[in-house]
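Visitor: Residue numbers (the numbering used here): 28 to 217.
All C-beta atoms, glycine included, are put in the ideal place defined by N, C-alpha and C.
#1: Can you tell me which of the three DSSP states residue 77 falls into?
#2: Quick check on DSSP: helix, strand or coil for residue 184?
#3: Hey, residue 146 and residue 165: beta-carbon distance below 7 Å or not?
#4: Does the separation of the CB atoms of residue 211 and residue 52 fall below 7 Å?
#5: Identify the continuous alpha helix (DSSP H) that holds residue 99 and give its terminal residues.
#6: In whole angstroms, what is the alpha-carbon distance linking residue 179 and residue 83?
#7: Residue 171 bridges to which residues according to DSSP?
#8: Do residue 141 and residue 171 count as a contact pair if the criterion is CB distance below 7 Å?
#9: Measure the CB-CB distance between residue 33 and residue 59 and report whether it falls below 7 Å.
#10: What residues are listed by DSSP as bridge partners for residue 93?
#11: Span of the alpha helix (DSSP H) holding residue 53?
#12: Residue 71 lies in the alpha helix (DSSP H); which residues open and close that run?
#13: What are the boundary residues of the beta strand (DSSP E) that includes residue 215?
#14: Which partner residues of residue 196 appear in the DSSP bridge assignment?
#15: Does the distance from the C-beta atom of residue 109 to that of residue 69 stay below 7 Å?
#16: Between the segment 184 to 196 and the segment 93 to 113, do three or more beta carbon pairs fall short of 8 Å?
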C-alpha cells in the first residue's frame, strides 16, 4: 500500500496516495491570500515540507519548523531533489515552544496546518502562550486541526487569547485524499 501524509512531487511517487488533502488545502490558502511571491512565510510543523517547497517554487521566502528529526532530514533531502537552495526553504529541527522563545522574526503569513491539536495535547495551557506569540509575528495565520481531539483549542478561544481579532472558516478542501476532513481557518489582525 503506497500511502504518504503529504505529496512528494517526483515521478517516483506519482501513483502514491496521500492521507491529507494537501494540494486542495494549498489551493484554498492561495485563493484566499493571493500571490505569495516575495512573502515571508513560517510553516509550523511542516512535516515533509510540502507547503514550504511549493511556496518557495512560487517565489516566497519560507522557514519550516519540524520537531521530528527524520522528517526534518527528509525536508532537506527533498529540497535538494527539487533543486532548491539550502537556505530557502530554511528548515529548522525544533519544537514550536522553543522556537517561540527565541524567534524575533515577522511573517506575512503563518501556516499551522494539522499540528495545533498536538501542541495543545503536549503543552496544555502553555499552548496559549505559544499562540499569543504567533499572533505577534503575523497578521495572517492559516490553521487546520482535528476537532475530535482538539485538547482545549477552538477558533473562538483563539480570538480571545491572542492578538487575532477575526477568524474565517474557508471550508473543507475538496479532495479524494484519505483521512478526516479538516476545515481551513484564516485568523487575522485588522
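Guide: A quick look at the data gives this:
#1: What you label residue 77 is simply residue 50 of the chain shown in a count that begins at 1. In the structure shown, residue 77 sits in a helix (DSSP, three-state: H, G or I).
#2: By one-based count along the chain shown, residue 184 stands at place 157. Residue state, collapsed to three classes: helix.
#3: By 1-based counting over the chain shown, the position of residue 146 is 119. By 1-based counting over the chain shown, the position of residue 165 is 138. For residue 146 and residue 165, no; Cβs fall outside 7 Å.
#4: For the purposes of this step, residue 211 is identified with residue 184 of the chain shown, where counting begins at 1. For the purposes of this step, residue 52 is identified with residue 25 of the chain shown, where counting begins at 1. Closer than 7 Å, so yes.
#5: Walking along the chain shown from the start, residue 99 turns up at place 72. Counting along the chain, the alpha helix (DSSP H) containing residue 99 begins and ends at 96 to 108.
#6: One-based indexing of the chain shown puts residue 179 at position 152. One-based indexing of the chain shown puts residue 83 at position 56. When rounded, the distance between both Cα atoms is 33 Å.
#7: Taking the chain shown and counting its residues from 1, one reaches residue 171 at position 144. Looking at the DSSP assignment, residue 171 forms a beta bridge with 140.
#8: Within the chain shown, residue 171 is the residue found at index 144, counting from 1. Within the chain shown, residue 141 is the residue found at index 114, counting from 1. Yes, these two residues count as a Cβ contact at 7 Å.
#9: Locating residue 33 in the chain shown gives position 6, where the first residue counts as 1. Locating residue 59 in the chain shown gives position 32, where the first residue counts as 1. Result no, Cβ atoms of residue 33 and residue 59 do not sit closer than 7 Å.
#10: For this step, residue 93 is matched to residue 66 along the chain shown. In the DSSP secondary-structure assignment, residue 93 is bridged to 120.
#11: Residue numbering aside, residue 53 sits at position 26 when the chain shown is read from its first letter. 49 to 60 is the span of the alpha helix (DSSP H), which, as asked, contains residue 53.
#12: The count along the chain shown starts at 1 and reaches residue 71 at position 44. Where residue 71 is concerned, there is no enclosing alpha helix (DSSP H), although the beta strand (DSSP E) it sits in stretches over 67 to 71.
#13: Along the chain shown, read from residue 1 onward, the residue named residue 215 stands at position 188. Unbroken beta strand (DSSP E) run through residue 215: 211 to 215.
#14: Stepping through the chain shown from its first residue, residue 196 is reached at position 169. In the DSSP assignment, the residues bridged to residue 196 are 212.
#15: For this step, residue 109 is matched to residue 82 along the chain shown. For this step, residue 69 is matched to residue 42 along the chain shown. In this structure, residue 69 does not lie closer than 7 Å to residue 109 by Cβ.
#16: no
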